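In UniProt numbering, the protein residues as written are 1 to 659. A quick write-up on the structure given underneath.
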């Protein structure tokens, strides 16, 4: 770059370049008269860059250009609190798509989560989080991991979160590296030299307060239950009701009672009466504290050129409140009686808060299927040496005891003993499987009877249960084509409603100014206030939430209930196509069942005392834990036969041998 004379020339070129779409970084050197620029080839090219510098009056020529095909891809999973409708999702998607280095993303309103694939050479996690946070949403990182880096198969990584800053070095044999990020440590270790439970034991002896549990799963479960949102909106609803109920009683229900009327009609100053003053005092807390979250999000969205449901609530209530204040001030210094819209502000904020509370309660209930899947993993496991440990402290090749009625802690291979395992959660097969040495077992399934020892082969995200959970989550985040249409409509819906409200106000203002106020509408209001009331009404009654929430709610319930019954639905479009099926072909065996055994009929041959046989069968099967035994017991208990006073003196169960 020829023609630069001072630092201001350098700063001017760097500022101009950074304003170009697609520029990642620009370093300009005055001494070497050169510039090194990193840019996204999909968004700009060398010609655009050279023209930008040339337009500033400098002489520019190209020395070298290299394309870097090497991407450093990361996948970040975020928890996003505060999304209320599809327009919120659309706003966030539009904002994220502006960031350079974002490869793909999906955002789920129902699970309050986002999965974002990005190139860390072009953008970092802080920029992504800040871009969403600046819109007024509460963002936290659940997970951030590299997806194209070759991992060391001989080491594992685990995270530990300390309650306070811990600054002592971790010098244990087998610990490969420690990455510190404030209170969060990512520890890479060699499980052949040290177990993670030994690292945990070390910190226990140090006497520090820490947490090694899977924070991502905890956060997901908390998010799915909507615990915080339900608590917040319940409090906001109760707070608003504290002021809105007295308002409605005093200003509407009992306003014609003589005693109340005398109080309301008492003049304070000018034409301002005590009734309107009390209405103002009751409205202020609801308007500013109850409506704070709506105004905060509306302002944040507006900064990014986005309009959401919160924008409608904020505009409607603010205009109503502002005009009411203007009317009150005017009445204090004139003979005009105040016309106020405090009822619009206080009722709308109260009812929307109640709606948000009920909505979050409903969302929490629709997520129960996924929550149940995530809770299938047992809390503890008993090692071969008799030690009972937290199941999250298991390592590959650990040997684990499983007793009757217990859940299997991880995927593995049976090395000793025999058990009958109920795998219906995974396979949908109601008949339990006999597991003997050398056979695979799946984490989260239940050992119906028998004792065995298995060796752990898979942990974490590699287990079958984790893959099912991830598949269900992916399906719930996906969008059916009808939902994409609804999202597009919702994006334009809010601006359209605001425009419609404004046009309604202008129409009535013009119409009533020309023809006057009809008799049916006369209530002592001016043409302006009556027109304003009509305009506000259009804004406050419009709500895009139903349009945006219907499809994702149906998808969440459908995929969740499907997973509960052993049916994994890949995505929203698959579910949508399934509704159009006219014929379903199944093989001739009992592919579709209700998942439980039932005795249809019983035949007895050449037995002298049938009642004795039935009683003996009932008593013997009562002691068994086998599902066939349970169905026989249920049938015999409902069968009418003469029962004899018998009892079982001894019972032993040998899995897989019948009775």
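We put the beta carbon where it would ideally sit given N, CA and C, even for glycine. Please read these numbers as outputs of a predicted model, since none were measured by experiment.
Below 7 Å CB to CB, which residues in the same chain sit around residue 510 once its five sequence neighbours on both sides are set aside? Within the chain shown, the letter at position 510 stands for residue 510. Result list for residue 510: empty, nothing under 7 Å.
Helix, strand or coil: which one does DSSP assign to residue 379? Numbered from 1 along the chain shown, position 379 holds the residue referred to as residue 379. Reduced to three states, the DSSP call for residue 379 is coil.
Verify whether the separation of the beta carbon atoms of residue 282 and residue 349 is less than 8 Å. Within the chain shown, numbered from 1, the residue matching residue 282 stands at position 282. Within the chain shown, numbered from 1, the residue matching residue 349 stands at position 349. No, the pair does not count as a contact, with Cβ atoms beyond the cut-off.
Does DSSP classify residue 640 as helix, strand or coil? Residue 640 sits at position 640 when you count from the first residue of the chain shown. Coil.
As a quick exercise: from 134, 625, 326, 42, pick the residue whose alpha carbon is nearest that of residue 305. Mapped onto the chain shown, residue 305 falls at position 305. If we check each option's Cα against that of residue 305, 134 comes out closest.
Are the CB atoms of residue 494 and residue 628 nearer to each other than 8 Å? Taking the chain shown and counting its residues from 1, one reaches residue 494 at position 494. Taking the chain shown and counting its residues from 1, one reaches residue 628 at position 628. Not closer than 8 Å, so no.
8 Å Cβ cutoff met for residue 279 and residue 294: In the chain shown, residue 279 corresponds to position 279, counting from 1. In the chain shown, residue 294 corresponds to position 294, counting from 1. Not a contact, by the Cβ cut-off of 8 Å.
Give the range of the beta strand (DSSP E) segment to which residue 138 is assigned. Within the chain shown, the letter at position 138 stands for residue 138. Bounds of the beta strand (DSSP E) holding residue 138 are 138-146.
Tell me which same chain residues have a C-beta within less than 8 Å of the C-beta of residue 313, skipping the five on either side of it? As a position in the chain shown, residue 313 is number 313, starting the count at 1. Excluding positions up to five away in sequence, the list reads 291, 294, 298, 348, 349, 352, 540.
Pair within 8 Å by beta-carbon distance, residue 527 and residue 503: Counting from one through the chain shown, the residue named residue 527 turns up at place 527. Counting from one through the chain shown, the residue named residue 503 turns up at place 503. Contact: no.
8 Å CB neighbourhood of residue 258 in its chain, flanking five on each side removed: As a working note, residue 258 is residue 258 in the chain shown. For residue 258, where only same-chain residues beyond five positions count, there are no Cβ hits under 8 Å.
Residue burial classification, residue 424 (beta-carbon count within 10 angstroms, cutoff 16): One-based indexing of the chain shown puts residue 424 at position 424. Classification of residue 424: buried, given that the 10 Å Cβ count is 16 or more.
Straight-line gap, residue 530 to residue 320 (C-alpha atoms, nearest Å): For the purposes of this step, residue 530 is identified with residue 530 of the chain shown, where counting begins at 1. For the purposes of this step, residue 320 is identified with residue 320 of the chain shown, where counting begins at 1. Their Cα atoms are separated by approximately 12 Å.
Are there 16 or more other CB atoms within 10 angstroms of the CB of residue 150, so buried, or fewer, so exposed? As a first step, residue 150 is located in the chain shown; it is residue number 150 there, counting from the start. Residue placement at residue 150 is poorly supported in this model, since its pLDDT is 45, which falls under 50; the coordinates are not used for a value here.
Can we say the stretch 180-196 touches the stretch 125-141, given the rule of at least three CB pairs closer than 8 Å? no
Exposure of residue 152, with buried meaning 16 or more beta-carbon neighbours within 10 Å: If you number the chain shown from 1, residue 152 lands on position 152. With a pLDDT of 49 at residue 152, under the threshold of 50, the predicted position of this residue should be treated as unreliable, and no value is reported.
Roughly how many angstroms separate the alpha carbons of residue 463 and residue 410, rounded to a whole number? One-based indexing of the chain shown puts residue 463 at position 463. One-based indexing of the chain shown puts residue 410 at position 410. Residue 463 and residue 410 have their C-alpha atoms roughly 7 Å apart.
Which one or two residues does DSSP pair with residue 75 in a beta bridge? Mapped onto the chain shown, residue 75 falls at position 75. Answer by DSSP bridge pairing, in chain order: 117, 145.
Apart from the five residues on each side of it in sequence, which residues of its chain come closer than 6 Å, Cβ to Cβ, to residue 146? Taking the chain shown and counting its residues from 1, one reaches residue 146 at position 146. Cβ within range, chain order: 74.
Is it right to say residue 272 is buried, meaning 16 or more other beta carbons lie within 10 angstroms of its own, or is it exposed? For the purposes of this step, residue 272 is taken as residue 272 along the chain shown, with counting starting at 1. By the Cβ neighbour-count rule, residue 272 is buried, with 16 or more other Cβ atoms within 10 Å of its own.
Among 491, 560, 435, 602, the one whose alpha carbon lies nearest that of residue 94: Sequence index remark: in the chain shown, residue 94 carries index 94 (1-based). Of the listed residues, the one whose Cα sits closest to residue 94 is 491.
Report the three-state DSSP secondary structure of residue 298 (helix, strand or coil). As a first step, residue 298 is located in the chain shown; it is residue number 298 there, counting from the start. Reduced to three states, the DSSP call for residue 298 is helix.
Have a look at residue 562 and residue 583 and give me their C-alpha separation to the nearest angstrom. In the chain shown, residue 562 corresponds to position 562, counting from 1. In the chain shown, residue 583 corresponds to position 583, counting from 1. Looking at the backbone, the Cα of residue 562 and that of residue 583 are separated by about 19 Å.
In angstroms with no decimal places, state the Cα-to-Cα distance between residue 274 and residue 267. One-based indexing of the chain shown puts residue 274 at position 274. One-based indexing of the chain shown puts residue 267 at position 267. Each residue's alpha carbon lies about 6 Å from the other.
State buried or exposed for residue 323, treating a residue as buried only when at least 16 other CB atoms are found within 10 Å of its CB. Counting from one through the chain shown, the residue named residue 323 turns up at place 323. So residue 323 ends up on the buried side.
Determine the direct distance from the alpha carbon of residue 79 to that of residue 467, and round the result to whole angstroms. Within the chain shown, the letter at position 467 stands for residue 467. Within the chain shown, the letter at position 79 stands for residue 79. If I take the Cα positions, the gap works out to 20 Å.
Classification of residue 381 by the beta-carbon crowding that lies within 10 angstroms, buried from 16 upward: By 1-based counting over the chain shown, the position of residue 381 is 381. It counts as buried.
Run the CB neighbour count on residue 332, radius 10 Å, all protein chains shown included, and call it buried at 16 or more, exposed below. Looking up residue 332 in the chain shown gives position 332. Counting Cβ neighbours within 10 Å, residue 332 comes out exposed, since fewer than 16 surround it.
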